[in-house]
Amino acid sequence: MMPDNAKQRILQKIKQALTTSVPVPFPEHTQVPVQQVLPPADGEDLAILFAEQFSQIQGQFAYCLNVAECVAQLNILAEKKAIHKWYCTDEKLRHVLEQAGWQHGWHTTLADCHASITGAEALVARTGSLLLSSTASSGRTSSVYAPIHICLAGVQQLVYDISDAMQLMQQRYGQQLPSFISLASGPSRTADIEKTLVTGVHGPKEVFCFLTETL
1 MMPDNAKQRI LQKIKQALTT SVPVPFPEHT QVPVQQVLPP ADGEDLAILF
51 AEQFSQIQGQ FAYCLNVAEC VAQLNILAEK KAIHKWYCTD EKLRHVLEQA
101 GWQHGWHTTL ADCHASITGA EALVARTGSL LLSSTASSGR TSSVYAPIHI
151 CLAGVQQLVY DISDAMQLMQ QRYGQQLPSF ISLASGPSRT ADIEKTLVTG
201 VHGPKEVFCF LTETL
């Protein structure tokens, strides 16, 4: 576990990074060729880079020091968004939340839930993407069917690039990879209709990532 001063430093850097968000779609001059992007030096930089990139693609990011703080933030979100029907089929994740003070019930039907909670295989810092699977994200539909998708992840799941994430998958599963693997980069969006950007057409309208040290 990181010292308190290191945690505060990360929080401060993330706050600074998120004060200058880039609108979607990105202006052409903000696109940096991949070969010019250098990997961060350590896990602290990965957390900051992920927060920055995830926010730029309309994801909503929260850094929590522990699961109890995460539960407190989810309670605030529930009140703000009027979330009453929570869907999560990951028993381990539900147990972790309940041990940390979760007091909401669990809705059993995905079709009419308000929000779904899933884990992730990895967080890809360079693109701000969530690497999801049928194993880590509670099936194929939990992360795309609900109007609000909430991903809970630990700092140990941060990787720099997609290639690092796939290498992690190979190490974790070997030849028995999950039947479904996908990358989610912010809420669903399309500009096919009169070239107007619309969110929530093919998936969740809002995507949250709660990053914590102790998950």
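Numbering of the sequence shown is given in full-length UniProt numbering, commencing with residue 1 and proceeding in unit increments.
Ideal Cβ positions, reconstructed from N, Cα and C, are used throughout, including at glycine.
- For tyrosine 87, the secondary structure class from DSSP, reduced to helix, strand or coil, is strand.
- Each of Gln53, Asp45, Leu46 and Thr212 was checked against the Cα of serine 129, and the nearest Cα belongs to Gln53.
- Put simply, of Ser143, Glu79, Ala100 and Ser163 the residue whose alpha carbon is nearest the alpha carbon of leucine 215 is Ala100.
- Look at the beta carbons and you see the region 103-114 not touching the region 156-166: under three pairs across the two are nearer than 8 Å.
- For alanine 122, the CB contacts under 6 Å within the same chain, skipping 5 residues up- and downstream, are Leu131, Gln157, Val159, Ala165 and Leu168 in chain order.
- Following the DSSP letters along the chain, one finds tyrosine 173 inside the alpha helix (DSSP H) bounded by residues 162-173.
- Between glutamate 213 and isoleucine 148, the C-beta spacing is not below 8 Å.
- Take proline 178, set aside five residues on each side of it, and the residues of its chain with a beta-carbon closer than 6 Å to its own are Ser133, Ser134 and Thr135, in chain order.
- Secondary structure at glutamine 156: helix, using DSSP grouped into helix, strand and coil.
- Taken through DSSP and simplified to helix, strand or coil, serine 116 comes out as strand.
- At the C-beta level, serine 116 and isoleucine 150 come within 8 Å of one another.
- If you draw a straight line from the Cα of aspartate 90 to the Cα of valine 71, it is about 16 Å long.
- Residue state for phenylalanine 180 is assigned as coil, using DSSP reduced to three classes.
- DSSP, read as helix, strand or coil, puts alanine 72 in helix.
- Between alanine 82 and glutamine 73 a beta carbon distance of about 16 Å is seen, past the 8 Å cut, so the two are scored as non-contacting.
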